[in-house]
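For what it's worth, my numbering labels the leading residue of the sequence shown as 130, then goes sequentially. Here a beta-carbon is modelled for each residue, glycine too, at the ideal position from N, C-alpha and C.
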Amino acid sequence: MRRRSGDVMHAAKRVMSASASCLGLLGIWLFLIVFFILEAAGTRSSAFSSMASDASCCNQAKDNLMCRDVCEQILSSKSESRIKHLFLRAPDYCPTSMIDVWTCINSSLPGVSKKSDGWVGLGCCELAIAVECRRACKQASSKNDISKACRKQYETALISCINRNEMGSVCCSYAGRHTNCREYCQAIFRTDSSPGPSQIKAVENFCASISPPLVQCVNNYTQSYPMRNPVDSLYCCDRAEDPRCQAACKRILMSKKTEPEIVDSLSEGCTKPLPQDPLWQCFLESSRAVRPGVNIAPPPSAGLDGAELHCCSKANSSNCRDLCTKLYSTSWGNTQAWQDFEFACEYNPLEAPMLTCLADVREPCQLGCRNLTFCTNFNNRPTELFRSCNIQSDQGAMNDMKLWEKGSIKMPFMNIPVLDIKKCHPEMWKAIACSLQIKPCNSKSRGSIICKTDCIEILTKCGDHSRFPESHTAESICELLSPSDENEDCIPLDSYLKSSPLDNAIEEVTHPCNPNPCPANHLCEVNRKGCLPGEPCLPYFCSQGCKLGEASDFLVRHGVLIQMPSGAAGCYKICTCGQSGTLENCLDTQCVDLQKSCIVGGQRKNHGESFKVDCNICSCVAGTLRCSNHQCPHSEEDRRMFTGLPCNCEDQFVPVCGQNGRTYPSACIARCVGLLDHQFEFGLCSSKDVCNPNPCSRNERCIPKRQVCITSYEKFGCAQYECIPRQLKCEHSRDPVCDTENMEHMNLCTLYQRGRLLSYKGSCQPFCKSAEPICGHNGETYPNVCSAYSNRVAVDYYGHCQDVGIFSDQGLHSECLSIQCPTIPATVCKPVTPPGACCPLCAGVLRILFDKEKLDTFAMATKNTPITVMDILQKIRQHISVPQCDVFGYLSMESDIIILIVPVDSPPKSIQIDACNKEAEKINSLINSDSPTLVSQVPLSALITSEVQISTTLTSDCNRICLSINYIYLYLAISMLYITFNA
């Protein structure tokens, strides 16, 4: 019973978070009461289904006109998402004391049979990848109508959704007029979650005596597949060791329907079913996951939501910290707890860090918005960030407008009376409603409130001043609702009063994971690896995840180390996301005192606060000051003498290789970062033969493994090689590599068994066959571009490394005079030069300060394994959602981590540069806000603070400059007309 109550409250919490905005969160605590009334009556699901009109219910609210209007909208609407939204708003207009009205509405809730007459695949159309397929789906009347426009091997998510809907329509039709049975049946076939044991049991309890055929139909569905659908188990194929078996497995799952067919075909194409085989083990685990009566071990205790619990530590007041912790630790709290949190914290501008963190957990910012039918001005914005660009929010904005048309906007602390918004600037009200539902994200605060100036303007023009609460004006109301006018802290409406300037643009920026095409408990990641010939090739792949808490929706990837709260604030544990989808092997780490502050220049800085000290970025970490190590000229004399290099070293390129695996341009710079003379040697790191003399045993092979370590190499080492067994027979796993003669091999083992030398990892590329050497941004020379890219290093210039760029614009000396940089077309962008590089490029550049002590703690907890720059880059790469952008980086000479988010195409389109800039700003914001999106991952939680620099496109500049020019021309034109007509 406790678990069921938790599920209900968790569902309520999700509904609340979907509408949590300054003008969108209305009367949540009353909604919870109604929610439980509906739940107790067994009609929670049906409250969100299409309903028939029953005027008698609404007539009972004749003395409350707004309640009657909402009631009529609920009972007459045929839109499920609209009804869901109206139910969220209804308690504000129909108090729960109106028992007769609510009882009547509750008894009038029909089943879904009326909805099933139409095209059952309509709700799946947004899952289509191809534009033509999406269009065909929306215009179709049956599945056969989309077969020509939709290629099954690509549109697996769409086909899977349609198949589930069709099966659900058949099974649930056996329920007849029995609403509860039908609704519990429908829950099995929802596209957004897997049917769990409790759901299946509910169908048996409510339908066994009503319709045995329905129970049998549902059982056939839930027991016929390894998971809900064969396609949902594609990830299991990757567990097979034989590549032929992997290909056969994917082909079988894409074509077979029932479990016997799949098992028989897999037995022929792979191996016989053995529990110890990874492939079959995966199928058995996923199959058991939906069987009723199977006990699954609960995850380690992290409260009900470890991600949101992490956000509680960001509260500025102890009251909000305690209320937040109470809600997200061991229970969701009661109605009073939610009400207290909402009243004291939800609208408190001082709690912006905590509220932004909670918003990142519930609705992370994602690039792109499209396919909205009401908020059409938000469509075709592939380079803008939004929290909630979906059909439900689109419908919610329309419903908000209808409620506001009644003359009042209800807030938890006041009602705002307004004039007829259908006549008074309706386009601005629409922009407000859509902004608060779709929730554009800004690069810094990513808040969801409109700007103060816009608020004052609309209330001054359209507020009903005669009915304003006593002593309130438009200005005082907006001071409560929208206290900020800074663009990074609020949503400016002017962008959404008109349609996107990219209305007719070709899709040069895509978003394969938005909306998420993966099954429940799986994360979507951009496919940057490509596919084998003959295999289904999607622009994304789905990886199994673990929930960060018993009732959390926040997922972390399978196989990665994660950090989660443990006990008191400041205490954390490190766990692994296991194959079973649960957290395993947890280990407590040392707690930090979040109340400790730092004294800087006589001022107190709180834990987590970032700031500048001279030209260095700093942050207070549990009472310890962490700062970057930049050279800061203070006087005119200092600037004249400043070389622009660390410790004011001379501009000399006599490279040395440090024990951390990083090449430094000179011994002076190596000493500047703390290396002793015995900890570096002259020459590039890439020039060292790390396998001579052979450090491995006789039955092992030494293989160079270049890496730059960011943990203490004195403690954990930083080996530039690895020893692998000399195998007589190599495995058939495909991880392609290219040798120095441009021949491709299936994996490293095969390459070395054939006596070849590694050039780079990945498939051989024709343009690297006879390419010249290049100098990377890390000051290392690579034999070709592909070799640099495989190490996640971008090209600075062509040829051997021979010079170094300055680190500061304070330096008056000209560097890199002998370097010929790659040409950037003048029409592409205004480029930036990464720290220490010679040549500019079009990219978003992040300069990140990290906590080396924390990284050492992680290394110690993971069997003394050093952490490298590559570890950071690979994790950050998973958070880049646009395939047209990729991640490169290096450790700077000043010991910062530099990350470049660079367009893939050459030359890049302006829209692609804008997308990469926005991705860079997103990552920068996640680091600086200590967001669980990154903090939950080891080692990203050691990133303290960041600065971002972007290469603005000429179109972005023109949007600002050309507007001023247009005004000048307009002024001149009016002046000329005036002169002409008055001559």
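Quick check on DSSP: helix, strand or coil for residue i?
i     : result
S1070 : helix
F515  : strand
Y793  : strand
R197  : helix
H651  : strand
Y476  : coil
N508  : coil
P824  : coil
Q692  : strand
P1032 : strand
I317  : helix
P546  : strand
T879  : helix
F809  : strand
F470  : helix
I329  : helix
Quick one: give me the first and last residue of the beta strand (DSSP E) that residue i is part of.
i    : result
F670 : Y669 to K676
D767 : Premise fails: D767 lies in the alpha helix (DSSP H), E765 to M770, not in any beta strand (DSSP E).
G435 : No beta strand (DSSP E) contains G435, which is instead part of the alpha helix (DSSP H) from G435 to C441.
I579 : Note, I579: premise wrong, no beta strand (DSSP E); not H, not E.
V685 : L684 to R686
I728 : C727 to V729
Going by other Cβ atoms of all chains shown within 10 Å of its Cβ, with 16 needed for buried, is residue i buried or exposed?
i    : result
I728 : exposed
C504 : buried
G497 : buried
Q849 : buried
G803 : exposed
C297 : At residue 297 the sequence reads Gly, which differs from the Cys that was named. Classification of G297: buried, given that the 10 Å Cβ count is 16 or more.
P854 : exposed
D743 : exposed
P569 : buried
S605 : exposed
V837 : buried
Output yes or no for whether 8 Å exceeds the beta carbon distance between residue i and residue j.
i     : j     : result
T905  : V924  : In the sequence on display, residue 905 carries Gly and not Thr. Yes, the Cβ-Cβ distance between G905 and V924 is below 8 Å.
C563  : A526  : yes
I1079 : G973  : yes
Y881  : R830  : yes
A316  : I339  : no
L452  : C474  : yes
V1016 : I1027 : no
G928  : G678  : no
I579  : I561  : yes
H736  : N745  : no
Tell me, please, which residues DSSP counts as bridged to residue i.
i     : result
G737  : None; G737 has no bridge partner.
Q1003 : Its beta-bridge partners do not exist; DSSP assigns none.
D717  : K702
D868  : L887
R755  : S748
Q1078 : V974
R264  : In the DSSP output, where bridge partners are listed per residue, R264 has none listed.
P569  : F515
V742  : N745
H874  : V866
L1020 : I1026
C607  : Its beta-bridge partners do not exist; DSSP assigns none.
I853  : R830
Y926  : C904
L712  : C706
Using a threshold of 7 Å, is the CB atom of residue i nearer than that to any non-hydrogen atom of the ligand GDP?
i    : result
E901 : Inclusion of the ligand GDP in the displayed structure is not the case, the ligand content being empty and no account of it being possible.
With respect to the alpha helix (DSSP H) encompassing residue i, which residues constitute its N-terminal and C-terminal limits?
i     : result
P1012 : Counting along the chain, P1012 falls outside any alpha helix (DSSP H), and DSSP gives it neither H nor E.
L532  : I520 to W533
S919  : V914 to S919
S537  : It is not in any alpha helix (DSSP H) - S537 instead sits in the beta strand (DSSP E) that spans S537 to K539.
V1064 : P1061 to V1064
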